[in-house]
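Peer 1: 3 is the number of the first residue of the sequence shown in my numbering; add one for each residue after it.
Just so you know, even glycine gets a beta-carbon here, dropped at the ideal spot from N, CA and C.
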Amino acid sequence: MRLMTLKLDEAKLAMELESIESRLKQLNEASRLIVDRMKTLQDAGKLNPESVATMDAEVQRNQSEFSRLSSDRQPKFEKRNEILKDLNVKVMNWSNYQRCPLMR
């Protein structure tokens, strides 16, 4: 039973980490697009202070969320690694038990 609980916890953390990674990727891409838009407007001579302020605020919001998600990711990553190590030990112990007739 403990093995199944660990596997479920690991799967949940894996999904959470995947979701965080996906969002980080989206935020990175969004910030890149904003910078590209600013450069295009600047090259066209249409970049005004209001546009700069708006786009800068967007980048700052993205950066803030990026930092928060990055901080959230690390403990989840470490917990998942602990679970995977524990699962590995349990599977190895079970495997050794199955192979040794004296232990059954």
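In whole angstroms, give me the CA-to-CA distance for residue 77 and residue 83.
Peer 2: Those two C-alpha atoms are separated by around 10 angstroms.
Peer 1: Smallest Cα separation from residue 22: which of 67, 43 and 38?
Peer 2: Minimum Cα distance to residue 22 is reached at 67.
Peer 1: When the Cα atoms are used, what is the spatial distance from residue 89 to residue 95?
Peer 2: Straight-line Cα distance between these residues: approximately 10 angstroms.
Peer 1: When DSSP labels each residue in this structure, what does residue 30 get in the three-state scheme?
Peer 2: Of the three classes helix, strand and coil, the one that applies to residue 30 here is helix, per DSSP.
Peer 1: Taking only the alpha-carbon atoms, compute the straight-line gap between residue 61 and residue 33 and give it to the nearest angstrom.
Peer 2: Rounded to the nearest angstrom, the two C-alpha atoms are 6 angstroms apart.
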